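Be aware that the sequence shown starts at 5, since it is given in the working numbering, and climbs by one per residue. Report on the following structure.
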Amino acid sequence: MLLILASTNLLTARIAAGCMLPSLLVVLRVAKNRTLCGLCTGFIIFIDIIWVLQEMTKFKALRYIILFIGVMNSLFSVYDIHDDVISNRVHSSDAEKFAEVCPCPCNGPSWVAIWGLISLLFLSAVMYLGLVILS
Numbered sequence: 005m006l007l008i009l010a011s012t013n014l015l016t017a018r019i020a021a022g023c024m025l026p027s028l029l030v031v032l033r034v035a036k037n038r039t040l041c042g043l044c045t046g047f048i049i050f051i052d053i054i055w056v057l058q059e060m061t062k063f064k065a066l067r068y069i070i071l072f073i074g075v076m077n078s079l080f081s082v083y084d085i086h087d088d089v090i091s092n093r094v095h096s097s098d099a100e101k102f103a104e105v106c107p108c109p110c111n112g113p114s115w116v117a118i119w120g121l122i123s124l125l126f127l128s129a130v131m132y133l134g135l136v137i138l139s
């Protein structure tokens, strides 16, 4: 969600891309899956190309790429929360394991509802702050 706020300014978009590239390199080094290696390599090349184009021309798209990545990460977290328990009803999900460990009398679907509301609340707050910063 910080990527959404970082996309509001050109300097903060550069900082976010500068933090994302080393993180992708670390994941690329640790990854044992070829698909993950390919995705990391593709994102590294894509962000580098967009960054070079931004610095060399008047094409200023790095802010929008960082915004897109931030929004997609936030929406995927909401989708993953929904998919873990509500759609699949898998008893090995994060929410079910947390409900077993937590001393309060909540079950897995109630934790999913709480986590989903928190995630949507933060996403709404970040979108509002982003719009306030842009205006």
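Built from N, CA and C at the ideal position, the CB exists for glycine as well. None of these values were measured; they are calculated from a predicted model.
Counted within 10 angstroms of its Cβ, other Cβ atoms place residue i as buried (16 or more) or exposed
i	result
C106	exposed
R38	exposed
I137	exposed
R33	exposed
C44	buried
G42	exposed
Same chain, Cβ closer than 6 Å to residue i, neighbours up to 5 away in sequence not counted
i	result
S78	M5, L127
S20	The sequence given here places Ala at residue 20; Ser does not occur at that position. Only L7, A10, I70 meet the Cβ criterion.
Residue i, DSSP secondary structure in three states
i	result
N77	helix
M5	coil
F72	helix
A129	helix
A65	coil
S11	coil
S123	helix
S114	helix
Own chain residues within Cβ distance below 8 Å of residue i, not counting five before or after
i	result
T16	L9, A10
Y68	S11
I48	L25, L28, L29, L32
Nonlocal neighbours in the same chain, by C-beta distance under 7 Å from residue i, ignoring five residues either side
i	result
A103	C110, N111, G112, W115
L121	none
* Contact the region 14–26 vs the region 53–72: 3+ CB pairs below 8 Å -> Cβ pair count under 8 Å is three or more, so yes.
* List in chain order: all unbroken alpha helix (DSSP H) runs of 4+ residues lying wholly within the region 14–52. => Unbroken alpha helix (DSSP H) runs of no fewer than 4 residues, entirely contained in the region 14–52, are found at 14–34, following chain order.
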